[in-house]
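Below: the structure, in structure tokens.
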Amino acid sequence: MSLRDRLIEECRTYRRENGVTQRELGEKLGKHTSAVGRFEIGAIDPRLKFVQNLLNAMGKEIIIVDKVR
Numbered sequence: 157m158s159l160r161d162r163l164i165e166e167c168r169t170y171r172r173e174n175g176v177t178q179r180e181l182g183e184k185l186g187k188h189t190s191a192v193g194r195f196e197i198g199a200i201d202p203r204l205k206f207v208q209n210l211l212n213a214m215g216k217e218i219i220i221v222d223k224v225r
């Protein structure tokens with residue numbers, strides 16, 4: 157699973173488990189509802205700032221680790 161696909165799945169899961177609408181999440185991110193919708197269907201590749209804001213809104217973070225060789 158790609159990082160983008162994983163982020164999309166995390167976003168959908170967060171919204172479903174917390175009863176958050178695309179509109180409400182968009183307001184938290186300072187984005188239009190359509191931006192959240194386009195992200196969730198994979199129509200856009202989000203900028204890093206969008207990803208950072210999304211993770212903050214969901215109470216999550218990305219941790220970078222070395223690949224196992």
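Throughout, the working numbering is defined as the position within the sequence shown, counted from one, plus 156. Even for Gly, the Cβ is constructed at its ideal location relative to N, Cα and C.
Fill in: CA-to-CA distance, Val221 to Glu177, given in whole angstroms
Per the sequence presented here, residue 177 reads as Thr, with Glu not at that position. Each residue's alpha carbon lies about 32 angstroms from the other.
Worksheet item: How is Glu173 classed by DSSP in three states: helix, strand or coil?
Response: Helix, per DSSP.
Worksheet item: Helix, strand or coil: how does DSSP classify Val224 here?
Response: coil
Discussion item. Rounded to whole angstroms, what is the Cα-Cα separation between Gly198 and Leu211?
Written reply: 17 angstroms
Discussion item. Taking the alpha carbon of Arg171 as the reference point, which residue from Leu181, Lys216, Leu159 has its own alpha carbon closest?
Written reply: Leu181
Worksheet item: So the alpha helix (DSSP H) Met214 belongs to, where does it begin and stop?
Response: 204 to 214
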